[in-house]
Amino acid sequence: MDNRKQNKLVNFITNPKYLMVLATIGIFLVIYIAGIIMYGDKGFATLRTFMMLFVDNAYIGISAVGMTMVLITGGIDLSVAAVASLTGMFIAYGTTVLNIHPLICMAFAILVGVTLGLAMGAMVTYLKIPPFVATLTGMFLARGVCSLISRDSISIDNELIDKMAGWKMYFMTFSDGEWVKVKPVSYINLNVVLFIGMIIIGTIILQKTRFGRNVYAVGGNEQSARLMGLPVDRTKMIVYGFNGFCSALAGIAYALYVKSGWNLALQGGELDVISAAVIGGVLLSGGVGYMIGTFFGVLLKAVIPSLITFNGTLSSWWGKIITGALVLLFVALQQLVMSGRLFKKKKPSASHQKE
Amino acid sequence: MQGIEIQFPGVKALDGVDFTLRRGEVHALLGENGAGKSTLIKCLTGVNKMDAGKIVLEGKEIRPTDPKNAMDLGISTVFQEINLCDNLSVAENIFIGRQPMRRGQINWKEINRRSQELLERFHIHIDVTRPLAQYSTAIQQMVSIARAVDVDAKVLILDEPTSSLDNEEVQRLFAVMRDLKKQGMGIIFITHFLDQVFEMSDRLTVLRNGHLVGVYNASEITKLELVSSMIGKDLDEIFDLKRASIKKDAPVALEADHIGAPGKVEDISFTQQKGELLGFAGLLGSGRTETAEMIFGVTRMQDGTLKIDGHTVKINEPMDAIHHKIAFCPEDRKRDGIIGDLTIRENIALALQARRGMLRPMSRKEQDDLSNKYIKMLSIATPDAEKKIRELSGGNQQKVILARWMATEPNLLILDEPTRGIDVGAKAEIQRLMLQMCEDGMSIIFISSELDEIIRCSNRIIVMCDGKKAGELNGEGCTQADIMRMIAGEKDGETA
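Below you can see the structure in the form of structure tokens.
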């Protein structure tokens, strides 16, 4: 019985499907533990430091959920950061200048995000425009509209937004017969709830629904998926629409995080999102990737700047360099796994002979 | 189906073809490449639209709009090329699109269990949770068949299902087909293995050039009659092939001395005379293709030396090989051979242009003359040289590739499975072409999985096994059993 369990574990680890995810989790743990050893005395080991990884990067994580799906279909979306920035501008301008209820602004932003996503999806699906180009136009459009609304940064002055941004759930501990806050104070906010919620929803969609599996099939081999009778066009449309939703949601999270709207906000943010997904083991050529991998990809990308801050002497640009190196490492690893050098195709057995 | 007619610009792909499939019968669909078999299937599955005619299924007229629609109507298809997603697990490939659900969620346990059971019918015992990409082509083919038979279909179409299966696997497939037949399913069976046609089918329909030649009962027609009805030529012409005659004093054209690339093939030595047809036999993955790739510079040769016309040469990349007048037709013509969106003319001119270099472009006139010459010489079925190669049938595509390399007038031509997946007529034509070229002084290395064609054409046969040379046989007087014994002998020696 023990032996069989062991076999199952070996099987699980050597299954190339999971290998990339396991690598991401492994590297995250190594870096995190190294951080604890080096800077534990400065407070790196505290729950607060760990939770701040979530708080500071939730908006990237939310966007990465949609991006993961797009990448699995073999596509890419360059418009996410521009759409998020536009969302922030809607909220800032709407609430502060026009005095519209923030929830209405948010709903409108999500509507715009989904519509733009579907429009780009239609370009990709029906006009056969390469996703890179289709979403590039979407990115310029969103940035342009954003700058039309305002070219200055608008800080948000709204009671409900303050309330939403200020909501915190503190970690408590039981000591001396009563509940007290963990020291140093650590908490999660609405953004973290959204982030983790979206990761869970994304996982369920990808693993437990037919739609999710079609996403993988489309990315694996679109032609085959069509011949197997799968709804390829519908799947791609929904994926881009869903990604538009995620971009807008990330924009809401970002607006809550910085409490302002700015037309130049999140410049280049789409590349942060894409690299988080790639570090999480999502294959840029499509067909492979897991939400849980993306989750750890976001954390891994977050822990590096955190470490640099704790070090105190290193230039913060080292963060970019290390992130670049990680992306390179993962793309190389993917190549290795996919080209089958690590796991050779099983050769046909001796009985496979033709006459 | 009655009176299906479909038109493509230029060539009539199907012209007034009637086809009737009864419940519980296996009906073989036969014909040369470009005869219209694939087109007929594509009409049935909704991939192509029909111009005229109608399809009647169980008394009702149907018009499949796409593969999904055809599937819903009860027409299940295994296409010739494996159409699965190799990033998904084996089990998922069988069930995707129709996964069993439980409480709104995909029931993975059920999927894995049922796949395991299904594949056990084919005596395949593998881990169904692993990605399909990890398994051999034979297993992938079985998986795609398993997917098709598990659907509750009325009509099952099998397009060359046995092309990468061994004998035993074919027999298992046949057993399953017999089961399905008993359950009343109608099966359309397309294959170029005539033995299998006679073993399995009740009736045969033969197409030629888009026309219906006839419908026969399998028990009432002989193999020879069938072949002649398929190609419409005299039989003597096909089967009377003469081996290339080599002059006793013909110089050695190619000499390989212990060449190898560690991990792929090792320690291969052979010589080849000018004008000799050297056959390479062996199992899939035995090192046949790898040896060829090494000679052509696709794979780096790390050990040994290669001599051409007595001079040692160093071939690091295909361009070097081309300059030494070596040409190579790869095995997977879809992936490595044709450039689908270019015309026949451009595909033919490609290799010659590459050798001439960028600075000496070929004039349009030269290209036209070249392509017209080969279209005529190889009788490639096309209205003109400006048709995109992807629109041709497999056999004709193969001929274009052959033309591409013939145009460079090589001294050594390497052909890797040039006859794979093409039918008797085109096969015979390609074999005859090879022999003609040898007669004209070209040396050919001929790789094939079909032992009888290797024996029929080769002067000498190199038998490969597990990345090594297992032995050498004379083409004259050698039998299939000799080759197989040589392959097996090496195997026994290893395990002992």
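If you're matching them up, the sequences are chains A and B in order. 110 is the number that the numbering used here gives to position 102 of the first sequence; each next residue is one higher, with no gaps. 387 is the number that the numbering used here gives to position 326 of the second sequence; each next residue is one higher, with no gaps. A virtual CB, placed ideally from N, CA and C, is assigned to each residue, including glycine.
The alpha-carbon separation between residue 452 (chain B) and residue 405 (chain B) amounts to approximately 10 Å. When only Cα atoms are considered, residue 68 (chain A) and residue 254 (chain B) end up about 57 Å apart. Counting along the chain, the unbroken beta strand (DSSP E) around residue 196 (chain A) starts and ends at 195 to 197. By the Cβ neighbour-count rule, residue 312 (chain B) is exposed, with fewer than 16 other Cβ atoms within 10 Å of its own. Using a Cβ-Cβ cut-off of 7 Å, residue 495 (chain B) does not count as an interface residue toward chain A, since no Cβ of chain A sits closer than that to its own. Between residue 84 (chain B) and residue 247 (chain B), the C-beta gap is smaller than 7 Å, which places the two residues in contact.
A direct Cα-to-Cα measurement between residue 472 (chain B) and residue 203 (chain B) gives close to 41 Å.
Listed by position along chain A, the residues whose Cβ is nearer than 8 Å to that of residue 160 (chain B) are 218 and 221. The shortest CA-to-CA distance from residue 129 (chain A) to any of A:269, A:106, A:302 and A:87 is the one to A:87.
According to the DSSP assignment, residue 198 (chain B) belongs to the alpha helix (DSSP H) that extends over 198 to 211. DSSP assignment within the region 362 to 398 of chain B yields the following whole beta strand (DSSP E) runs of 3 residues or more, N-terminal first: 364 to 369, 372 to 374 and 387 to 390. Minimum Cα-Cα distance from residue 82 (chain A) among the listed residues A:328, A:286, A:217 and A:327 corresponds to A:286.
Residue 254 (chain A): member of the alpha helix (DSSP H) spanning 240 to 266, first to last residue.
The beta carbon of residue 89 (chain A) lies closer than 6 Å to those of 274, 277 and 278 in the same chain, with the five residues before and after it left out. For residue 281 (chain A), there is no enclosing beta strand (DSSP E); the residue is found in the alpha helix (DSSP H) stretching over 277 to 287. In the same chain as residue 330 (chain B), and ignoring 5 residues on each side of it, the C-beta atoms closer than 8 Å to its own belong to 317, 318, 319, 320, 365 and 530, in chain order.
Closer than 7 Å to the CB of residue 15 (chain A) there is not a single CB belonging to chain B. Using a CB distance below 7 Å, the part of the region 111 to 143 of chain B facing chain A consists of 128, 129, 132 and 140, ordered along the chain. Near chain A, meaning a CB-to-CB distance below 7 Å, no residue of the region 302 to 334 of chain B qualifies. The C-beta distance from residue 237 (chain A) to residue 295 (chain A) rounds to 18 Å, too long to meet the 8 Å contact threshold. In this model, residue 234 (chain A) and residue 129 (chain B) are separated by some 8 Å (Cα to Cα). Residue pairing by DSSP places residue 412 (chain B) in no beta bridge whatsoever. Here the region 245 to 255 of chain A makes no contact with the region 44 to 60 of chain A; the two share fewer than three CB pairs at distances below 8 Å.
Rounded to whole angstroms, residue 187 (chain A) and residue 179 (chain A) show a C-alpha spacing of 10 Å.
Chain-order list of chain B residues neighbouring residue 225 (chain A): 146, 149 and 157, by C-beta distance under 7 Å. Below the 8 Å Cβ cutoff, chain B contributes no neighbours of residue 142 (chain A), its closest Cβ being approximately 21 Å away.
In terms of Cα proximity to residue 256 (chain B), the closest of B:240, B:282, B:243 and B:244 is B:282. With three or more CB-CB distances shorter than 8 Å, the region 29 to 49 of chain A counts as touching the region 310 to 320 of chain A. Taking a Cβ-Cβ threshold of 7 Å, none of the residues of chain B is close to residue 31 (chain A); the smallest such distance is about 17 Å. Among the residues of chain B, those whose CB is under 7 Å from the CB of residue 234 (chain A) are 128, following chain order. Going by DSSP, residue 113 (chain A) is part of no beta strand (DSSP E) but of the alpha helix (DSSP H) stretching over 110 to 133.
Linking residue 205 (chain B) to residue 143 (chain B) through their CA atoms gives a straight-line distance of about 7 Å.
With respect to the C-alpha of residue 469 (chain B), the residue from B:140, B:194, B:416 and B:335 having the closest C-alpha is B:416.
A buried status is given to residue 52 (chain A), since no fewer than 16 other beta-carbon atoms sit within 10 Å of its beta-carbon.
Proximity of residue 228 (chain A) to chain B, defined by a Cβ-Cβ separation below 7 Å, is satisfied. Residue 382 (chain B) places its beta carbon less than 7 Å from that of residue 357 (chain B).
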